[in-house]
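Chains as they are written, first to last, in the numbering used here: chain A, 2 to 552; chain B, 202 to 504; chain C, 10 to 345.
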Amino acid sequence: MRKLTKAMIGFGLVALAVVAVAYGARSHKTASDTLVFGSSADPVALDGALISDGESGRVVIQIFEGLVGLKPGSTTVVPSLATSWKGSNAGKSWTFALRKNVKFTDGTPFNAAAVCANFNRWYNFTGSFQNPSATYYWQTVFGGFKKYDPKSGAPKGSLFKSCAAHGTSSVTINLTAPSASFIAGLSLPSFSMESPTAMNKYGANQGSVDADGVFHPTGTYATQHPTGTGPFMFQSWTRGDKLTLIRNPNYWGAKAKLSTLIFKPIADNAARLQALQNGEIQGYDLVEPQDISVIQQDSNLKLLSRPPFNVAIVGMNQAIPPMNNLKVRQAVAYGLDRASVIKAFYAGRGVVAKEFQPPSLFGYSNTVKQYNYDPAKSKALLKAAGLKLPVKISFWYPTGVSRPYMPDPVKNFQAFSASLTKAGFKIVPHAAPWTPDYLGGVQDGKAQVYLYGWTGDFGDPDDFAGVFFRTPQKQWGFNNPAIFNLLTKARDETTLSKRIALYKQAENMLMNFLPGVPYAHTSPALAFQKNVNGYVPSPVDIQFFSSVSIG
Amino acid sequence: MSIAQLEAAEVSLEASQGGLWSEAFRRLRRNPSAIIGFVLVALFILVAIFAPLLAPDDPRAQDLQSIFNGCCPGPSSHHLLGVDDLGRDELSRILYGARLSLLIGIVAVSVGLSIGIVLGSIAGFFGGWVDTILMRFVDIMLAIPGFLMAIGIVALLGPGLFQVMIAIGVVNIPIFTRLLRGSVLAQRENDFVLAARAVGVKRRKILIAHVLPNSISVVIVAGTLALATAIIDAAGLGFLGLGPQDPATPEWGNMLTSTVRYLQTAPFLAIFPGVAIVISVLGFNLIGDGLREALDPKLRGRA
Amino acid sequence: MLRFVVRRLLLLIPILLGLSILVFVWIRALPGSPAQALLGERATPETIKQINHQYGLDTPVYQQYWKYLEQTVQLKLGTSITTQQTVLTEIRQRFPATAELAVAAALFSVSIGIPLGFFAAKRHMRAFDQISLAISLFGISIPIFFLALILKYIFAVRLGWLPTVGQISVLINIPHPTNFYLLDALLAGNLGAFWDVVKHLILPAVALGSIPLAIITRITRAAVLDVQNEDYVRTARAKGLPPHTVDARHVMRNALLPVSTIVGLQVGLLLSGAILTETVFSYPGIGSWLQQAIQDRNYPVIQGGILFIAIIVVFVNLLVDISYALINPRIRLGNK
Numbered sequence: 002m003r004k005l006t007k008a009m010i011g012f013g014l015v016a017l018a019v020v021a022v023a024y025g026a027r028s029h030k031t032a033s034d035t036l037v038f039g040s041s042a043d044p045v046a047l048d049g050a051l052i053s054d055g056e057s058g059r060v061v062i063q064i065f066e067g068l069v070g071l072k073p074g075s076t077t078v079v080p081s082l083a084t085s086w087k088g089s090n091a092g093k094s095w096t097f098a099l100r101k102n103v104k105f106t107d108g109t110p111f112n113a114a115a116v117c118a119n120f121n122r123w124y125n126f127t128g129s130f131q132n133p134s135a136t137y138y139w140q141t142v143f144g145g146f147k148k149y150d151p152k153s154g155a156p157k158g159s160l161f162k163s164c165a166a167h168g169t170s171s172v173t174i175n176l177t178a179p180s181a182s183f184i185a186g187l188s189l190p191s192f193s194m195e196s197p198t199a200m201n202k203y204g205a206n207q208g209s210v211d212a213d214g215v216f217h218p219t220g221t222y223a224t225q226h227p228t229g230t231g232p233f234m235f236q237s238w239t240r241g242d243k244l245t246l247i248r249n250p251n252y253w254g255a256k257a258k259l260s261t262l263i264f265k266p267i268a269d270n271a272a273r274l275q276a277l278q279n280g281e282i283q284g285y286d287l288v289e290p291q292d293i294s295v296i297q298q299d300s301n302l303k304l305l306s307r308p309p310f311n312v313a314i315v316g317m318n319q320a321i322p323p324m325n326n327l328k329v330r331q332a333v334a335y336g337l338d339r340a341s342v343i344k345a346f347y348a349g350r351g352v353v354a355k356e357f358q359p360p361s362l363f364g365y366s367n368t369v370k371q372y373n374y375d376p377a378k379s380k381a382l383l384k385a386a387g388l389k390l391p392v393k394i395s396f397w398y399p400t401g402v403s404r405p406y407m408p409d410p411v412k413n414f415q416a417f418s419a420s421l422t423k424a425g426f427k428i429v430p431h432a433a434p435w436t437p438d439y440l441g442g443v444q445d446g447k448a449q450v451y452l453y454g455w456t457g458d459f460g461d462p463d464d465f466a467g468v469f470f471r472t473p474q475k476q477w478g479f480n481n482p483a484i485f486n487l488l489t490k491a492r493d494e495t496t497l498s499k500r501i502a503l504y505k506q507a508e509n510m511l512m513n514f515l516p517g518v519p520y521a522h523t524s525p526a527l528a529f530q531k532n533v534n535g536y537v538p539s540p541v542d543i544q545f546f547s548s549v550s551i552g
Numbered sequence: 202m203s204i205a206q207l208e209a210a211e212v213s214l215e216a217s218q219g220g221l222w223s224e225a226f227r228r229l230r231r232n233p234s235a236i237i238g239f240v241l242v243a244l245f246i247l248v249a250i251f252a253p254l255l256a257p258d259d260p261r262a263q264d265l266q267s268i269f270n271g272c273c274p275g276p277s278s279h280h281l282l283g284v285d286d287l288g289r290d291e292l293s294r295i296l297y298g299a300r301l302s303l304l305i306g307i308v309a310v311s312v313g314l315s316i317g318i319v320l321g322s323i324a325g326f327f328g329g330w331v332d333t334i335l336m337r338f339v340d341i342m343l344a345i346p347g348f349l350m351a352i353g354i355v356a357l358l359g360p361g362l363f364q365v366m367i368a369i370g371v372v373n374i375p376i377f378t379r380l381l382r383g384s385v386l387a388q389r390e391n392d393f394v395l396a397a398r399a400v401g402v403k404r405r406k407i408l409i410a411h412v413l414p415n416s417i418s419v420v421i422v423a424g425t426l427a428l429a430t431a432i433i434d435a436a437g438l439g440f441l442g443l444g445p446q447d448p449a450t451p452e453w454g455n456m457l458t459s460t461v462r463y464l465q466t467a468p469f470l471a472i473f474p475g476v477a478i479v480i481s482v483l484g485f486n487l488i489g490d491g492l493r494e495a496l497d498p499k500l501r502g503r504a
Numbered sequence: 010m011l012r013f014v015v016r017r018l019l020l021l022i023p024i025l026l027g028l029s030i031l032v033f034v035w036i037r038a039l040p041g042s043p044a045q046a047l048l049g050e051r052a053t054p055e056t057i058k059q060i061n062h063q064y065g066l067d068t069p070v071y072q073q074y075w076k077y078l079e080q081t082v083q084l085k086l087g088t089s090i091t092t093q094q095t096v097l098t099e100i101r102q103r104f105p106a107t108a109e110l111a112v113a114a115a116l117f118s119v120s121i122g123i124p125l126g127f128f129a130a131k132r133h134m135r136a137f138d139q140i141s142l143a144i145s146l147f148g149i150s151i152p153i154f155f156l157a158l159i160l161k162y163i164f165a166v167r168l169g170w171l172p173t174v175g176q177i178s179v180l181i182n183i184p185h186p187t188n189f190y191l192l193d194a195l196l197a198g199n200l201g202a203f204w205d206v207v208k209h210l211i212l213p214a215v216a217l218g219s220i221p222l223a224i225i226t227r228i229t230r231a232a233v234l235d236v237q238n239e240d241y242v243r244t245a246r247a248k249g250l251p252p253h254t255v256d257a258r259h260v261m262r263n264a265l266l267p268v269s270t271i272v273g274l275q276v277g278l279l280l281s282g283a284i285l286t287e288t289v290f291s292y293p294g295i296g297s298w299l300q301q302a303i304q305d306r307n308y309p310v311i312q313g314g315i316l317f318i319a320i321i322v323v324f325v326n327l328l329v330d331i332s333y334a335l336i337n338p339r340i341r342l343g344n345k
């Protein structure tokens with residue numbers, strides 16, 4: 002036993018020594034030109050054309066650029082790879098002058114042929130690439146593809162007609178119908194210009210359907226070799242661990258100040274804050290309201306705000322009675338204590354929404370009908386609708402998710418559920434995980450009353466009211482041609498002043514018809530270490546890191 | 202009842218198994234940790250029963266006006282344990298939570314116990330291929346770690362309090378089956394069983410009248426410990442978002458989970474339900490331990 | 010001995026078959042079809058039919074099971090719906106992390122639990138004994154995730170001694186030939202990285218090891234108490250052997266027998282506890298992977314993952330049985 006003790010002490014000393022040496026050898030102080038950003042998940046892929054999620058977009062926008070971009074901190078469309086553009090043929094043809102002497106990071110020149118190669122690639126997608134989840138934004142902005150495939154779920158017919166190169170630095174995009182709003186859409190990461198050489202070499206368009214019927218990219222382009230013109234270029238990606246980008250030394254504009262930009266996925270929001278406090282990351286997005294004061298009080302950290310560009314909504318499905326009765330929808334609107342919810346849960350970063358689009362965007366109406374919390378009025382309306390109190394409604398809420406417009410949906414649900422109960426309703430709660438169950442159920446029209454919302458993708462009102470109400474949709478369950486027509490007319494109008502008037506008219510009409518109750522516009526917050534400079538928060542879900550420096 | 206009748210009843214108790222029990226009880230009384238356990242559990246049960254009388258507030262009544270900056274004022278004279286993220290009185294929620302935890306524990310254990318007793322005694326008493334098949338099935342169930350199986354069952358049934366109870370109960374089935382079978386096997390060869398058989402008593406009667414009562418002590422010990430585990434597992438399932446559908450439900454696991462995000466601003470919101478879980482589980486574990494020692498024949502006559 | 014091992018291996022066949030049936034049936038009983046999970050809100054009757062056909066879900070159930078069995082035996086576990094990687098690839102990436110965590114937790118619980126239990130038994134009914142009992146009772150009474158959260162808050166957030174998330178610091182770059190990060194760090198000759206990985210392991214391992222620690226302490230204590238009163242120990246003492254020698258040669262050696270089996274049996278507990286621990290520490294192991302898969306209705310992953318864990322548990326139990334039989338010949342002979 003004594004021998005044993007001695008041996009153990011010896012072993013312990015050796016172990017200590019090893020640890021001490023190892024500790025001395027450690028050197029993980031952040032290099033001053035490396036920034037680690039805490040993301041909430043891995044990107045899906047690094048091929049702009051095939052993504053629609055924010056995590057992928059965040060990385061893609063560093064590596065790639067589109068023809069047009071957004072002015073930092075706004076939704077104003079500005080030149081990027083195109084220096085100017087103008088419409089002709091009554092808004093059906095748009096000619097872009099391209100920036101000269103730009104190269105992709107693999108050396109391929111960026112020119113008119115490359116632009117057409119990208120547009121033609123998108124337009125010619127077939128098979129699984131036409132799945133709406135694969136090419137969501139193409140389908141949102143341009144509709145369908147060259148070859149219509151009824152099995153894919155993609156719409157028939159496309160806004161895109163053709164792409165014509167004039168020499169190397171001018172290109173014309175021809176459309177099948179007049180459109181002005183598609184230019185703003187081109188600022189999305191999904192319309193990034195990608196190197197045609199690299200896409201060919203690494204099989205961006207290759208994929209197969211395996212024995213299980215699941216589509217796989219067989220190429221390595223979207224996971225190992227994304228190639229663009231942006232301020233950063235791809236270095237490495239280990240799923241679940243980190244994704245590393247490095248400065249593009251040959252960038253045509255102001256070069257990135259950081260030499261290395263790392264994205265580290267941390268799923269849990271509280272864990273992201275803790276990692277920030279502990280210095281493991283330098284910044285993260287979507288700070289939750291309760292953490293705002295923690296960050297403000299921490300002398301090593303700082304808080305940045307995105308301009309509000311979203312809307313939170315309590316949706317109502319008119320296909321499920323009694324929601325088809327306007328009086329019942331009005332009773333819901335009067336029964337939601339929106340002001341208290343915003344005051345209690347949004348930590349001063351939210352305002353009560355009066356309509357379906359944020360005030361900063363053109364087309365906002367100041368004359369919509371208002372619904373202030375009034376439970377007595379709700380009850381009266383329900384009785385007037387000939388219903389017996391309490392009126393039973395099924396109220397859906399998502400779990401395991403935090404969105405910019407509803408940091409904690411479970412809390413919003415509980416508060417609304419309590420205030421509706423006071424207003425003569427009986428709430429049957431229905432919880433489901435955000436994807437796929439919740440979104441699936443809501444969009445399939447299974448939810449009667451539900452929490453929903455939207456963050457704008459680009460600065461056009463069609464991206465708010467139009468997304469929801471321009472076409473009949475199962476989740477709202479109504480068919481109102483007057484609204485559909487008005488919003489279609491507003492989208493296709495090319496004169497700005499007329500568009501503004503049309504959208505104001507549409508918001509007024511919507512708030513009378515009340516397909517849902519908008520309840521919040523929020524100003525989401527980002528947190529950084531104090532020594533991180535030059536970050537400009539954007540209203541849309543995009544982040545630019547090229548101007549960021551540490552020190 | 203006359204004194205004679207009482208005496209007779211007592212004698213008959215003694216004769217069957219009173220020796221074991223009365224001695225166990227005597228030893229239990231001298232075991233301080235078991236007594237602490239009994240006190241904790243008694244407290245827990247009393248709180249569960251009298252929650253409506255004890256609670257100062259409705260556990261679901263919100264007060265959004267009291268919330269600002271995201272969350273939540275701490276303890277005050279109005280709210281002894283503060284309020285939660287929706288302005289609900291934390292003390293009332295903790296008190297009502299005892300009901301649900303107790304309910305989860307009892308239902309889950311009863312499910313596991315009742316099915317386990319039936320399967321275990323069948324396997325043990327009949328032996329042969331019945332035993333083989335049942336035991337292989339138990340082996341298969343035991344190969345899947347219990348908590349993982351509970352998650353799987355809840356995924357099957359959908360999240361909810363009732364589903365959680367069933368899931369934890371099912372997880373307990375193989376454990377109790379094995380326990381009962383072992384105990385029955387051990388007694389099958391006992392003198393009194395052999396004697397009963399020799400005089401031609403039916404097998405089912407032997408099982409119910411002789412074998413099962415003698416397995417009771419094992420079952421009680423295991424059941425108490427299973428209660429403790431059930432409460433912990435239910436909290437774990439709640440933590441993974443598989444708890445009650447109505448988030449307003451004052452269930453400890455649910456309360457802990459929904460307030461973990463306030464660990465920095467309002468740590469008490471996570472700590473109070475956490476401590477409540479620990480205390481109640483500790484109580485059952487202390488009793489279970491004490492009972493095991495008291496009923497262990499090896500330790501009889503000692504200490 | 011060989012016969013014993015062969016018989017035990019043969020016994021595994023029905024268990025594994027049963028397991029596969031259980032998982033197969035369970036997957037099919039889950040709400041929402043695989044087609045719906047794959048297509049989400051975009052599922053139309055036609056696309057569902059198409060997917061069902063591609064999956065062979067329109068064939069009789071026994072054929073489906075046979076196909077599933079065939080593929081499983083060939084280790085074709087399918088493809089993750091969210092990442093498009095094969096389930097096997099993901100297991101290869103994820104399992105080493107959990108294995109490291111489980112081993113670390115086991116080391117923690119054994120290295121503290123056995124001495125604690127031993128000294129508690131030596132000082133039976135005295136203060137130390139009571140304290141060790143209290144620690145072990147506390148260990149099994151506190152929910153793992155609660156302990157993990159508290160540990161993380163104190164040691165990582167407040168004191169800043171240890172990292173809060175992950176398996177290795179972002180800024181350390183080492184190649185990962187084995188995916189066992191400790192091993193990879195050593196192979197790369199990078200002690201800094203090794204220490205970094207160790208630091209990331211400490212808190213999750215302590216949280217995960219809390220229950221095994223409690224159990225091992227109690228079993229050791231009970232075993233030592235038992236053995237101490239055995240005749241051969243009394244004889245050894247009576248012979249006048251020094252107490253240390255008696256403890257080391259007779260008491261510990263015999264007491265460790267039951268303890269070693271118990272350690273082996275903790276594997277299931279460690280693997281299921283890993284689900285909660287990994288979730289708290291965003292640790293990229295098999296537990297957080299499965300938890301995410303269940304949320305995403307990622308059927309191939311759930312199916313492959315549960316089967317994989319069950320097989321690990323079954324084989325570790327087998328190893329425990331065999332090694333137990335090796336140590337203790339009576340078991341072999343006693344078996345019919």
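No residue lacks a Cβ here, since even glycine has one placed at the ideal position from N, Cα and C.
- Pairing residue 191 of chain A with residue 60 of chain A, the inter-Cα distance amounts to about 12 angstroms.
- A straight-line Cα-Cα distance of about 16 angstroms links residue 377 of chain A and residue 417 of chain A.
- Cβ-Cβ distances below 7 angstroms link residue 407 of chain A to 313, 413, 452, 454 in the same chain, with the five nearest sequence neighbours on each side left out; the list follows chain order.
- Residue 178 of chain C is outside the set of residues whose beta carbon lies under 9 angstroms from a beta carbon in chain B.
- DSSP places residue 164 of chain A inside the beta strand (DSSP E), whose first and last residues are 161-167.
- Residue-level contact by beta carbon fails for residue 436 of chain B and chain A, as no gap is shorter than 9 angstroms.
- In this structure, B:429 is the residue among B:429, B:390, B:374, B:491 with its C-alpha nearest to the C-alpha of residue 148 of chain C.
- Counting along the chain, the unbroken beta strand (DSSP E) around residue 396 of chain A starts and ends at 392-400.
- Close CB contacts of residue 547 of chain A within its chain, under the 6 angstroms cut and outside five residues either way in sequence, are with 232, 257 (chain order).
- Where residue 528 of chain A is concerned, the enclosing beta strand (DSSP E) starts and stops at 526-530.
- For residue 279 of chain A, the chain C residues whose Cβ falls inside 7 angstroms of its Cβ are 165, 166, 169, 172, 173, in order along the chain.
- Between the alpha carbons of residue 241 of chain C and residue 19 of chain C lies a distance of about 38 angstroms.
- Looking at the DSSP output, residue 248 of chain A bridges to A:233.
- Going by DSSP, residue 209 of chain C is part of the alpha helix (DSSP H) stretching over 200-237.
- Contacts with chain A at 9 angstroms (Cβ-Cβ) include residue 185 of chain C.
- Bridge pairing for residue 404 of chain A: A:407 [DSSP].
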